Amino acid sequence: MAASVLSHQHALAGDGRALARVLKQAGVTRDSIVRVTGSAGPTAALWLNRHGYDNAAYVHPNWVATNAAADALLIPQACGAEELVDLLHEGDCVRDGGVLILQAAPDRFSKGYDSLHAVLRPLGYRMEKHISDRGLDIHIARRSGADRVGNAA
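For the sequence shown, position 73 (counting from the first letter as 1) is numbered 92 according to our numbering, and the numbering increases by one without interruption.
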């Protein structure tokens, strides 16, 4: 339990000011449909709802890929490459033009992935911004179905 509390202290979800700055830089507005997932997701979803993001909701990690496409998917705690691949499946949980906001884990380049680009590009995401905010390593990627690699003609 102590490890869980510690990880949330170092999660984007635990820093409202950083979360507000990141959302602004990603172009997420209070009218955006935002899905939040992961172990720190409930904390971030509560913060979003308390700050006027009425269309924000927590989604259990097992159900992210089955939900309708949102304007934004927020993963507000350190997320490694394998976890990200498992969460996104085909990447359809974010609409074309929508954003993925994630806090990268230190091991994000492990097990066959040399970068977040290698994980996200085949799913139709292009990296837009890398933000280092108060010790947090945050990435913003925009989804474009036209950018998907390996689509059948």
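Note that CB positions come from ideal geometry on N, CA and C, so glycine has one too.
In this text, all values refer to a predicted model and were calculated from it rather than measured experimentally.
Contact between residue 95 and residue 42 does not hold, since the beta-carbon distance rounds to 11 Å and is not under 8 Å.
Residue range 35-45 is occupied by the alpha helix (DSSP H) that includes residue 36.
Assignment of residue 57 by DSSP, reduced to helix, strand and coil, places it in the coil class.
The stretch 51-62 makes contact with the stretch 72-83; the number of CB pairs closer than 8 Å reaches 3 or more. Per DSSP, the beta bridge partners of residue 162 are 144.
Under DSSP, residue 115 takes part in no beta bridge, so it has no partner. Annotated three-state conformation of residue 30 is coil, per DSSP.
For the options 157, 35, 50, the alpha carbon positioned closest to that of residue 90 is the one of 50.
Put simply, of 147, 71, 58, 87 the residue whose alpha carbon is nearest the alpha carbon of residue 39 is 71.
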